[in-house]
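In this note's numbering, the protein residues as written are 4 to 363. Ideal Cβ positions, reconstructed from N, Cα and C, are used throughout, including at glycine.
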Ligand code: MN
């Protein structure tokens with residue numbers, strides 16, 4: 004089933020020819036029509052029209068019990084559930100993203116970039132890096148679905164003009180569920196109640212703009228022009244068999260960042276540039292795990308909402324050819340017309356792909 008069998012069943016939004024967008028689940032090369040399935044009375048217990056809109060947010064807001072029940076009902080209904088072929092459908096952004104955060108959780112990436120951006124520093128990592136999952140708030144309005152053309156941004160670099168250092172960042176992102184009341188942090192141990200699923204993320208980056216603007220408040224226009232995500236949100240439930248022990252952390256994190264159990268995701272990842280694979284890596288090597296990211300992101304009591312996107316940061320491995328960006332791979336930056344495709348899979352569970360072509 005091409006990585007989209009009954010053990011995967013990722014959620015998305017699609018419109019059949021001449022039809023309105025609605026929430027669907029990918030099964031093989033078809034879209035199971037969740038709105039039609041609910042109208043047939045085969046998803047009892049959910050609020051009316053949960054799946055009739057052009058975003059998964061109403062379903063995300065229902066929480067873990069509804070997610071688990073729906074997945075079980077879907078697996079039972081696969082034989083004769085209403086569906087349409089994806090080949091002729093329009094596949095849309097799956098979620099109305101309210102807030103977007105990008106972490107910086109790969110030790111190798113943070114070290115590589117520290118050396119490139121601060122060549123005179125003795126230590127490539129800043130002193131806080133091993134104590135907390137560093138992040139910045141990105142821009143939700145420019146998160147686009149796979150296939151959307153990427154326009155080369157202009158900006159200060161420090162002269163003004165089109166970026167001459169357009170790069171990619173290979174990342175994973177999680178999509179949140181119901182959220183928390185303002186003032187109430189989410190403990191790391193509650194991650195399963197709040198993390199619905201995962202997408203692939205390409206955090207397009209203009210390195211010349213970024214390098215000039217990023218100190219002291221972090222990335223801004225070098226990142227906010229576009230972020231691409233894959234269209235299929237793979238439920239955490241489908242990825243449970245692929246959770247593995249995370250790498251050791253030294254020093255031991257503060258109590259609110261400690262976790263029990265296995266929280267690294269054993270997901271193989273690759274970058275393809277104009278049809279050639281240029282990097283292969285795996286997400287299990289990330290230093291900070293997603294429950295730690297969520298706990299840190301809310302430790303001050305800020306509130307998560309259904310459909311927020313939290314990206315991992317660039318995923319780079321220690322070996323040459325496992326880096327998650329062109330600048331780290333030592334490759335030329337992107338030219339107009341270049342197409343970049345990121346892919347991911349955990350065994351038989353495909354995350355699909357996120358692709359984008361550069362327009363001048
Ligand atoms: Mn990034």
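Closest by CA to residue i, which one among the options?
i: residue 174; options: 50, 30, 283; result: 283
i: residue 319; options: 257, 53, 328, 278; result: 328
i: residue 80; options: 43, 236, 22; result: 43
i: residue 7; options: 360, 196, 362, 355; result: 355
i: residue 112; options: 298, 219, 46, 324; result: 324
i: residue 357; options: 347, 363, 351; result: 347
i: residue 294; options: 277, 274, 258; result: 258
i: residue 98; options: 336, 144, 352, 310; result: 310
i: residue 243; options: 198, 91, 306; result: 198
i: residue 262; options: 252, 360, 271, 269; result: 252
i: residue 194; options: 266, 349, 59, 331; result: 266
i: residue 219; options: 172, 129, 93; result: 129
i: residue 134; options: 148, 49, 296, 122; result: 296
i: residue 131; options: 143, 288, 110, 151; result: 110
i: residue 89; options: 140, 169, 18, 279; result: 18
Does the Cβ-Cβ distance between residue i and residue j come in under 9 Å?
i: residue 66; j: residue 176; result: no
i: residue 84; j: residue 105; result: no
i: residue 54; j: residue 25; result: yes
i: residue 234; j: residue 40; result: no
i: residue 237; j: residue 200; result: yes
i: residue 178; j: residue 147; result: no
i: residue 183; j: residue 301; result: yes
i: residue 365; j: residue 330; result: Within the shown structure, residues of the chain are numbered from 4 to 363, placing residue 365 beyond reach of any answer.
i: residue 207; j: residue 241; result: no
i: residue 280; j: residue 152; result: no
By DSSP, does residue i sit in helix, in strand, or in coil?
i: residue 243; result: helix
i: residue 293; result: helix
i: residue 140; result: strand
i: residue 40; result: helix
i: residue 261; result: coil
i: residue 61; result: helix
i: residue 196; result: helix
i: residue 351; result: coil
i: residue 15; result: strand
i: residue 84; result: coil
i: residue 322; result: coil
i: residue 9; result: coil
i: residue 191; result: helix
i: residue 127; result: coil
Can you tell me where the beta strand (DSSP E) with residue i in it begins and where it stops?
i: residue 36; result: 33-36
i: residue 281; result: 279-285
i: residue 330; result: Unbroken run through residue 330 is the alpha helix (DSSP H), 329-332; no beta strand (DSSP E).
i: residue 232; result: 230-232
i: residue 29; result: 25-30
i: residue 146; result: 146-148
At which residues does the alpha helix (DSSP H) containing residue i begin and terminate?
i: residue 119; result: 110-120
i: residue 76; result: 67-80
i: residue 214; result: 210-216
Return the bridge partner residues of residue i from the DSSP annotation.
i: residue 91; result: DSSP lists no partner for residue 91.
i: residue 302; result: Paired residues: none, contrary to the question.
i: residue 174; result: 204
i: residue 314; result: 105, 176
i: residue 159; result: 163
i: residue 153; result: 361
i: residue 272; result: 284, 347
i: residue 356; result: 346
i: residue 267; result: 247
i: residue 181; result: Answer is none; residue 181 lacks a bridge partner.
Please report whether the beta-carbon of residue i lies at a distance below 9 Å from any beta-carbon of chain C.
i: residue 170; result: Absent here is chain C; the protein component of the structure consists of one chain.
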